[in-house]
């Protein structure tokens with residue numbers, strides 16, 4: 029426990045809030061230095077230089093700002109991004125940082141999403157995102173159709189009798205194919221590969237499944253930064269931020285996918301493609317294997333490759349993906365999105381808007397802990413509007429810390445707010461903000477919270493399985509709607525898929541309300557867990573769990589099944605919710621062979637028929653080391669689940685939680701209780717702790733540390749606590 033930093037939280041830029049510094053105007057060294065002085069005075073000592081809409085360098089500075097539209101589909105023009113002038117302007121920031129104990133982060137793109145190098149790489153259609161499309165033909169008894177094979181990039185054409193697969197047609201060496209029903213075929217599905225035109229959408233979407241495409245991104249961006257500033261990597265320049273990679277289309281494709289798929293799954297995906305959209309007796313296995321391979325290719329080509337480069341060159345990787353809030357969004361935008369977090373040194377989320385209570389932070393924090401990543405950032409406060417108050421900002425911040433975030437990235441500090449820049453996901457929390465004077469209070473408070481909640485581990489007893497594989501089995505994506513760019517996305521058309529997503533949100537939020545903290549468990553992290561006695565133990569973090577919840581699950585990978593079976597056999601508590609027989613599947617894809625298909629029922633588990641029953645068992649079996657004897661011991665959400673359609677980006681507006689939240693963190697052989705008041709009035713609490721010895725109160729807002737008086741009985745030690753409105757206190761006890 030670092031008492032000195034808690035008192036003086038401006039002495040280490042690695043535990044400093046990091047503002048996104050929007051370079052969105054004509055950049056000059058004088059103004060750059062003046063703005064860095066302002067950051068340094070409040071202790072925001074690690075800004076992220078972000079090339080943003082409105083940037084004017086070189087010849088571009090002759091253009092009037094009103095001559096273009098500052099929006100997601102703004103026509104391209106020469107802004108000078110990655111020009112020598114761009115690098116020269118960064119040098120001025122580096123020199124100031126050297127002289128004032130500051131550090132810098134780079135940002136790997138002009139605007140976002142990362143990967144297209146200011147829309148230049150995607151001019152090459154070959155490395156633009158490709159995707160599957162499907163044509164459907166319904167037959168009557170005497171129908172026949174003709175398909176022009178040369179008109180599109182067809183991969184296969186499949187015939188079905190109702191939902192029973194009949195055959196694939198030979199489409200090689202033919203210009204056209206005639207298909208007759210013959211009274212047997214009722215449906216034909218033709219599968220082809222498509223690509224978006226460069227304008228207006230294709231330019232944003234590089235092929236994230238292709239190592240070759242991402243290598244071109246690295247060469248065009250990262251290597252240029254290394255050539256200019258390599259000697260500062262790992263010193264003044266901490267790392268590089270990657271932003272909002274995503275699939276724009278629901279079923280991405282790439283040239284090497286069939287080859288890689290067959291190596292990993294043991295069969296050819298091409299003849300099976302129609303089963304991705306037609307329900308047959310083995311469609312669920314094909315869908316599982318497709319999304320599993322797509323996810324791994326995405327992770328390996330993009331995140332692993334960039335992380336490997338950064339590690340080799342002394343940089344940290346930091347960044348966030350898109351669609352963190354729900355299972356459906358994660359699936360659409362990245363397969364199993366959480367797998368990507370293992371290849372960031374500081375994984376992150378973004379949380380836009382001024383509402384709180386969603387699961388975006390919990391999904392990311394859980395995955396990061398499961399992969400042994402204990403530093404998790406959040407791009408916070410953006411798109412909250414110019415009327416957001418300081419108290420709103422504090423409430424969002426406190427909620428993020430209680431979810432497990434321990435690095436705040438402020439969205440953002442605007443170099444300029446003139447003209448259309450004023451409306452670029454505002455507000456600016458820089459000198460243009462009406463509460464700017466309050467930032468000298470906020471930054472030290474946030475720095476203290478980041479430090480105390482780092483370099484330890486979270487403590488809770490509950491693991492909740494995320495049934496992503498079961499969701500894949502049922503999802504029926506609407507391929508006519510593209511998403512990823514400022515619009516409501518497609519509806520979740522399958523009722524079972526929508527139910528899986530909604531139930532998961534309800535379980536998590538109901539547990540949060542009762543201060544029964546939990547960690548979300550995705551199948552891929554099974555390799556990082558083992559059974560010890562009646563507990564599941566994370567071998568990377570040593571976090572330990574005694575309760576496992578298995579909701580709405582119909583498919584489990586074999587290694588997850590073996591882990592849970594041993595856990596139950598040892599007396600561990602397995603709670604199932606709307607889960608019956610489970611199909612066992614294999615990473616190798618051998619379940620595609622009928623001889624390897626196995627369905628099981630867990631023995632010695634507790635089957636819960638209702639949500640209330642599930643929560644009741646969690647309350648009974650979760651042995652918390654504290655008890656609120658008097659005062660508010662719970663929270664409540666005003667929104668427990670989202671509508672059953674995708675939204676991008678999700679602006680959290682109007683969501684809130686109320687009451688008092690309590691979570692735990694273990695550090696230096698101390699148990700830290702994060703006690704946060706989400707109400708607009710003082711709350712008086714009487715709390716009993718299962719501990720011994722001195723109890724300390726650490727107040728993030730002031731840096732005060734003091735001993736708390738307590739009474740002792742057979743149950744532990746009891747304190748009285750007065751918690752100010754909208755504030756967090758840390759109570760520190762022995763373990």
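Numbering (the numbering used here), first residue to last: 29 to 763. Built from N, CA and C at the ideal position, the CB exists for glycine as well.
Between residue 125 and the set 71, 161, 175, the nearest pair of CA atoms involves 71.
A direct Cα-Cα distance of roughly 55 angstroms separates residue 655 from residue 295. Taking all protein chains shown into account, residue 622 has fewer than 16 neighbouring C-beta atoms within 10 Å of its C-beta and is therefore exposed. Taking a contact to require three or more Cβ pairs closer than 8 angstroms, the region 427–444 and the region 399–414 qualify as touching.
When rounded, the separation of the alpha-carbon atoms in residue 348 and residue 737 is 43 angstroms. In this chain, the alpha helix (DSSP H) harbouring residue 255 covers 250–257. Within 10 angstroms of the beta-carbon of residue 179 lie fewer than 16 other beta-carbons, which makes it exposed. Its Cα nearest to that of residue 595, the residue 565 stands out among 581, 565, 617.
Judged by DSSP secondary structure, residue 391 falls within the alpha helix (DSSP H) whose first and last residues are 388–398.
When C-alpha distances from residue 387 are compared across 61, 547, 700, the shortest belongs to 547. For residue 135, the enclosing beta strand (DSSP E) has its first and last residue at 132–138. Membership of residue 752 in any beta strand (DSSP E) is not indicated, and neither H nor E is assigned to it by DSSP. In the DSSP assignment, residue 726 falls within the beta strand (DSSP E) that extends over 724–727. For residue 510, same chain residues with a beta-carbon under 8 angstroms away, outside a window of 5 residues either side, are 224, 229, 276, 277 in chain order.
Per DSSP, the continuous alpha helix (DSSP H) segment holding residue 323 begins and ends at 311–326. Linking residue 607 to residue 289 through their CA atoms gives a straight-line distance of about 30 angstroms.
Note that the C-beta distance between residue 604 and residue 630 is below 9 angstroms. For the pair residue 713 and residue 563, the Cα-to-Cα distance works out to about 32 angstroms. Around the beta carbon of residue 710, a 10 Å sphere encloses fewer than 16 other beta carbons of the protein chains shown; the residue is thus reported as exposed.
Taken through DSSP and simplified to helix, strand or coil, residue 569 comes out as coil. If you draw a straight line from the Cα of residue 377 to the Cα of residue 196, it comes to about 43 angstroms. Rounded to whole angstroms, the separation of the alpha carbons of residue 215 and residue 541 is 49 angstroms. Secondary structure at residue 502: helix, using DSSP grouped into helix, strand and coil. Across the structure, residue 663 and residue 533 are spaced so that their CA atoms are roughly 16 angstroms apart. As computed with DSSP, residue 491 is found in a beta bridge with 547, 576.
For residue 533, the secondary structure class from DSSP, reduced to helix, strand or coil, is helix. Counting only the Cα atoms, residue 431 lies some 10 angstroms from residue 692.
Beyond the five residues adjoining it in sequence on each side, residue 746 comes within less than 8 angstroms, by CB distance, of 657, 714, 715, 716, 717, 738, 739, 740 in the same chain, given in chain order. By the beta-carbon neighbour count (other beta carbons within 10 angstroms, threshold 16), residue 202 is exposed. Secondary structure note for residue 340: it is in no beta strand (DSSP E), and the uninterrupted alpha helix (DSSP H) holding it is 333–340. For residue 189 and residue 522, the gap between their C-alpha atoms comes out near 22 angstroms. Looking at the backbone, the Cα of residue 80 and that of residue 50 are separated by about 6 angstroms. Residue range 586–597 is occupied by the alpha helix (DSSP H) that includes residue 596. Note that the region 35–42 touches the region 467–486; at least 3 beta-carbon pairs, one per stretch, sit closer than 8 angstroms. In terms of Cα proximity to residue 163, the closest of 220, 758, 171, 143 is 220. In the three-state reduction of the DSSP assignment, residue 700 falls in the strand class.
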